[in-house]
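Heads up: the sequence lines are chains A and S, in that order.
Heads up: the first sequence begins at 1 in this note's numbering, then just goes up one per residue.
Heads up: the second sequence begins at 1 in this note's numbering, then just goes up one per residue.
Working notes, beginning with the structure itself.
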Amino acid sequence: MANPGPVPFAALRGVHKRYGAIVALDGVDLALAPGGLHALLGPNGAGKTTAIGLMLGLIRPDRGHAELFGGEPEHLAPRRRVGVMLQAGSLPETLRVGELLRQATGYYPRPRPVEESANMAGIADLLDRPYGRLSGGQQRRAQFALALCGKPDLLFLDEPTVGLDIEARQGLWTTIRSLVAEGCAVLLTTHYLEEAEALADRVTVLGQGRVLAEGTVAEIRGRTRRTRIRCRSSLRADEVGAWDGVHAAVQDAGILQVDAREPERVLRRLLAADEGLCELEVSRAGLAEAFTELTREAA
Amino acid sequence: METTGTMTSRRYADLYLRDAWYEFVRLLRAPAAAIPMLTFPAMFYVLFGVVFAHHAPQQASWVLGSMGAFGVMAPGLFGIGIGVSIERERGLLALKRAMPVPPGAYLGAKLAMAILFALAIFIILGVLAVALGGVRLELSEWLALLATMLLGALPFCALGLLVGTLASAQAAPAVANLIYLPMSFLSGLWIPLKAMPPLLRHVAPIWPAYHLGQLALESVGLVQASTWHAVFALLAFTVACFALATRRLQRVG
Numbered sequence: 001m002a003n004p005g006p007v008p009f010a011a012l013r014g015v016h017k018r019y020g021a022i023v024a025l026d027g028v029d030l031a032l033a034p035g036g037l038h039a040l041l042g043p044n045g046a047g048k049t050t051a052i053g054l055m056l057g058l059i060r061p062d063r064g065h066a067e068l069f070g071g072e073p074e075h076l077a078p079r080r081r082v083g084v085m086l087q088a089g090s091l092p093e094t095l096r097v098g099e100l101l102r103q104a105t106g107y108y109p110r111p112r113p114v115e116e117s118a119n120m121a122g123i124a125d126l127l128d129r130p131y132g133r134l135s136g137g138q139q140r141r142a143q144f145a146l147a148l149c150g151k152p153d154l155l156f157l158d159e160p161t162v163g164l165d166i167e168a169r170q171g172l173w174t175t176i177r178s179l180v181a182e183g184c185a186v187l188l189t190t191h192y193l194e195e196a197e198a199l200a201d202r203v204t205v206l207g208q209g210r211v212l213a214e215g216t217v218a219e220i221r222g223r224t225r226r227t228r229i230r231c232r233s234s235l236r237a238d239e240v241g242a243w244d245g246v247h248a249a250v251q252d253a254g255i256l257q258v259d260a261r262e263p264e265r266v267l268r269r270l271l272a273a274d275e276g277l278c279e280l281e282v283s284r285a286g287l288a289e290a291f292t293e294l295t296r297e298a299a
Numbered sequence: 001m002e003t004t005g006t007m008t009s010r011r012y013a014d015l016y017l018r019d020a021w022y023e024f025v026r027l028l029r030a031p032a033a034a035i036p037m038l039t040f041p042a043m044f045y046v047l048f049g050v051v052f053a054h055h056a057p058q059q060a061s062w063v064l065g066s067m068g069a070f071g072v073m074a075p076g077l078f079g080i081g082i083g084v085s086i087e088r089e090r091g092l093l094a095l096k097r098a099m100p101v102p103p104g105a106y107l108g109a110k111l112a113m114a115i116l117f118a119l120a121i122f123i124i125l126g127v128l129a130v131a132l133g134g135v136r137l138e139l140s141e142w143l144a145l146l147a148t149m150l151l152g153a154l155p156f157c158a159l160g161l162l163v164g165t166l167a168s169a170q171a172a173p174a175v176a177n178l179i180y181l182p183m184s185f186l187s188g189l190w191i192p193l194k195a196m197p198p199l200l201r202h203v204a205p206i207w208p209a210y211h212l213g214q215l216a217l218e219s220v221g222l223v224q225a226s227t228w229h230a231v232f233a234l235l236a237f238t239v240a241c242f243a244l245a246t247r248r249l250q251r252v253g
């Protein structure tokens, strides 16, 4: 929903966008607050990349409008405060990383020094390498360096960690956190829910071109009524699965996992039915479950 | 909130120059593109202007003019045509549009790249013509040929841009070749038009390469072309291709 506070850094207001017969966005309102990390979640085809493209002025809405720093996204001035890492944005293969970074740095009025950007993205040792000779993960990090080189107030990261190994992903997370701590606002789209859970202050869930939910990670998580119960038990999963208040039950290597709508009732019954039950764990469903539920409802 | 910093004119100048230089370097380092562009005109010059010319200075000059025209068609058709199709398809164009790249920097860099390659081709051909072909031109003729070659690269930049906006990255090299070789042949850059069947001779003026060839041959003192007619034809062709290409770029990005 529209943000009643300060002027948002970027916003979509009642935006509709279709490509031929395919509706990409169907009346979307979205406002990015100054500061903090905003995650845009949704399955493939939910309209995440279209939303970013509209806020950057790469595409025009059919109806409604997009704003960047209160102005037109097509104008140069607002885009000077923005850093961008697109999902598909491969750079010229014969240019060296250092050259690409110097080139991008030159577009911004108050950029970071090249070495600083390279260090932050973890590519300081790759500056002399041609971009085409980098591994997929290194290319992603080079693109990240280009996104942050202009010392942006707002950073758009479209699926930034796809293709990164765990270590590189953690490194990127650390840098993103420190950018947010410096006051940079970040819009992140991701398939990895743990990424949103680890980084996001706010989450917007998109599905089929609509905003399905928006709020803090805790609020979104609270949208699901499910609790997960794990225990070592001799009870059979298909039997437990049929109980009232149980959504699903699976068993693997002696561990029974039960997704429950009414955890108190189910727990009481579980404990009564199996005296030998042990290693009990009860947890609130994570963002993944909330997300799956929200997008399934929309489908 | 921080205010937007200022871009001084010095920073702008650096930016445009850097973009142009990197675009040139990008292509120079791609052997599949740079080697044919720089060596084919030279190779054909040696073949037709030296080996088969038998110390006939007129033929040596004729080949200098026609290969000059042939040579400067390539940077636009291949460098820009293939480059834009790849950059469009792989998202670099979108990234450049999302970044605060000032208007004209992207295309300006590509035009500057083509002109730098045209300059390199002029120097290579000029040295070969003087050293091996025995060509002797007045300074004014050299300058006219230089100007023809540098500016003559531009209509083919516009055509290359159109190819790059229409063709996929897969198809662009084939499309560029299908335009390049037949058009240069039909425009009389390989075999003089007077040796061609009348039909081909009569339709030759529909090809932009014909007009460029006429201007290049006029520069080296071989034909009495109607200069303004040729310049106008090339200019109209450039504007038309450029308009179509930019319209398409705005629509599909």
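For glycine and all other residues, C-beta sits at the position ideal for the given N, C-alpha and C.
Using a Cβ-Cβ distance cut-off of 9 Å, determine whether residue i contacts chain S.
i	result
Asn3(A)	Interpretation of Asn3(A) is limited by its pLDDT of 47, a score under 50 that renders its predicted location unreliable; no figure is taken from the coordinates.
Ala104(A)	yes
Tyr107(A)	yes
Val162(A)	no
Glu99(A)	yes
Phe156(A)	yes
Pro130(A)	yes
Gly90(A)	A small correction: the amino acid at residue 90(A) is Ser; Gly does not occupy that position in the sequence shown. At least one chain S Cβ lies under 9 Å of Ser90(A).
Ala21(A)	no
Thr50(A)	no
Gly150(A)	yes
Tell me the rounded alpha-carbon separation between residue i and residue j.
i	j	result
Arg169(A)	Phe242(S)	43 Å
Ile52(A)	Leu32(A)	11 Å
Ala174(S)	Leu95(S)	26 Å
Ala20(S)	Leu244(S)	23 Å
Phe24(S)	Gly136(A)	25 Å
Phe48(S)	Ile191(S)	10 Å
Ala253(A)	Ala290(A)	26 Å
Trp228(S)	Gly68(S)	20 Å
Arg351(A)	Arg269(A)	As displayed, chain A neither begins before 1 nor continues past 299, which places residue 351(A) out of reach and without an answer.
Ala142(A)	Gly45(A)	26 Å
Arg232(A)	Arg221(A)	26 Å
Asn3(A)	Asp201(A)	In this predicted model, Asn3(A) has a pLDDT of only 47, less than 50, meaning its place in the structure is not dependable; the value taken from the coordinates is given anyway. Using only the alpha carbons, I get a separation of about 15 Å.
Ser90(A)	Asp62(A)	28 Å
Thr4(S)	Leu101(A)	Per-residue confidence for Thr4(S) stands at a pLDDT of 46, beneath the threshold of 50, marking its modelled position as unreliable; the derived number appears in the next sentence. Distance between the alpha carbons of Thr4(S) and Leu101(A) is about 21 Å.
Gly122(A)	Gly171(A)	8 Å
Val84(S)	Ala288(A)	40 Å
List the DSSP bridge partners of residue i.
i	result
His38(A)	Leu187(A) and Arg202(A)
Pro130(A)	Arg96(A)
Met85(A)	Leu157(A)
Glu67(A)	Ala11(A)
Thr227(A)	Ala260(A) and Arg284(A)
His54(S)	According to DSSP, which records beta bridges pairwise, His54(S) is partnered with nothing at all.
Asp252(A)	Ile255(A)
Going by beta-carbon coordinates alone, are residue i and residue j separated by less than 9 Å?
i	j	result
Leu119(S)	Leu150(S)	yes
Gly83(A)	Leu146(A)	yes
Ala105(S)	Tyr16(S)	yes
Gly286(A)	Glu197(A)	yes
Gly64(A)	Gly36(A)	no
Leu179(A)	Leu148(A)	yes
Ala193(A)	Ala98(S)	Checking the displayed sequence, the identity of residue 193(A) turns out to be Leu instead of Ala. No, Cβ-Cβ distance for Leu193(A) and Ala98(S) is not below 9 Å.
Val72(S)	Gly152(S)	yes
Ala39(A)	Val240(A)	no
Leu215(S)	Ala204(S)	no
Ala172(S)	Pro208(S)	no
For residue i, decide whether its Cβ has a neighbour in chain A, counting only Cβ atoms nearer than 9 Å.
i	result
Tyr45(S)	no
Pro75(S)	no
Pro182(S)	no
Ala94(S)	yes
Val203(S)	no
Tyr22(S)	yes
Ala30(S)	yes
Met99(S)	yes
Glu2(S)	Note that Glu2(S) has pLDDT 39, beneath the 50 cutoff, so the model's placement of it is unreliable and the number below is only indicative. At least one chain A Cβ lies under 9 Å of Glu2(S).
Pro255(S)	The structure shown does not extend to residue 255(S), since chain S is modelled only from 1 to 253, so the question has no answer here.
Arg88(S)	no
What does residue i reach in chain C if we use C-beta pairs closer than 8 Å?
i	result
Val175(S)	Structure shown: chain C not included; protein chains present are A and S.
Does the count of Cβ pairs from the stretch 154 to 167 of chain S and the stretch 73 to 80 of chain S closer than 8 Å reach three? yes
Would you check if the stretch 97 to 108 of chain A and the stretch 28 to 40 of chain S touch, i.e. whether three or more CB-CB distances between them fall below 8 Å? no
Check whether the stretch 136 to 153 of chain S touches the stretch 214 to 228 of chain S, counting contact only when three or more Cβ pairs, one atom from each stretch, lie closer than 8 Å. yes
Check whether the stretch 55 to 70 of chain S touches the stretch 120 to 130 of chain S, taking contact to mean three or more Cβ pairs, one atom from each stretch, closer than 8 Å. yes
Cβ contact check for the stretch 66 to 74 of chain A and the stretch 6 to 14 of chain A: 3 or more pairs under 8 Å: yes
The stretch 151 to 167 of chain A / the stretch 93 to 102 of chain A touching (three or more Cβ pairs under 8 Å): no
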